[in-house]
Amino acid sequence: MNRKISACGFLYVAPINLDFSQPSHEKKRWQRRWFTLYDDGELSYGLDSNPDTVPQLKMDMNKCIRVCEADAITNHSHSILIAFKSDRMDVLGGLKKCNCPTVGADDRHPVVCYVKADTTDEIRWWQNLLQFYAKQNAILLMPTRHFHTSEEYFDDDFPADAQKEFVVQ
């Protein structure tokens, strides 16, 4: 497999199972890791920049649905959230957390990953780069009905004997 590195550099990653709403988790350390983004959409990180180092985690950015600022969530400056779609979403679209080291199967892929950098410029550069994938995979909610002005409609959700007429203006 011949693939090229699109971007690489040191960032900090929060432990996958970190819950920022728990005060006891504030003491958990972000880990400095070497991140590598490949042209096929794989984002991985490992202990150092040596290409022979086995990655600690691989993420498929082709499953990424959101990349956004996370300073307010993490209480850490220069942080972003990377969210992934999961085939195991419940009916309401909730996401399930996963404590997994690899991407081997869909149920082993992290749903959310928090990353931070040393500077605002550095994290914005990574954020803009990763948002390319999120925009490609954005989940669009389409309206079930289209209403046009000055046309009459009947609401199909009411039983026939209780149907109400209304005009959208």
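For the sequence shown, the UniProt record's numbering begins at 1 and goes up steadily by one.
Just so you know, even glycine gets a beta-carbon here, dropped at the ideal spot from N, CA and C.
Among the residues of its own chain, which have a CB less than 8 Å from the CB of residue i, if the five just before and after it don't count?
i	result
T120	S77, H78
I65	A83, F84, K85, A134, N137, A138, I139
V67	I80, L81, I82, A83, Q127, L130, Q131, Y133, A134
K4	Y38, D39
N75	F20, E26
W125	none
N2	none
Quick one: residues in its chain with C-beta nearer than 7 Å to the C-beta of residue i, no 5 flanking neighbours on either side, listed in chain order?
i	result
G46	R33, W34, T53, V54, P55, Q56
D60	G41, E42, V103, H109
A70	S79, I80, L81, Y114
I73	F20, L81
Short of 6 Å in beta carbon distance, which residues of its chain neighbour residue i, apart from the five on each side in sequence? Order them along the chain.
i	result
L37	S6, A7, L43
Y12	W30, R32, K116
D48	W34
Relative to the C-alpha of residue i, which residue among the options is closest?
i	options	result
K116	K4, N62, F84, P15	P15
Y133	A83, P110, I123, V111	A83
L18	W125, P110, Q127, E122	P110
D39	S21, K28, S24, N62	N62
N50	D118, V112, F10, I123	F10
K112	K58, P23, D118	Correcting the residue identity first, residue 112 is Val in this sequence and not Lys. For V112, the nearest C-alpha among the options comes from K58.
Every unbroken alpha helix (DSSP H) within the UniProt domain "PH" (4-135), with a cutoff of 4 residues, ordered by chain: 71-74
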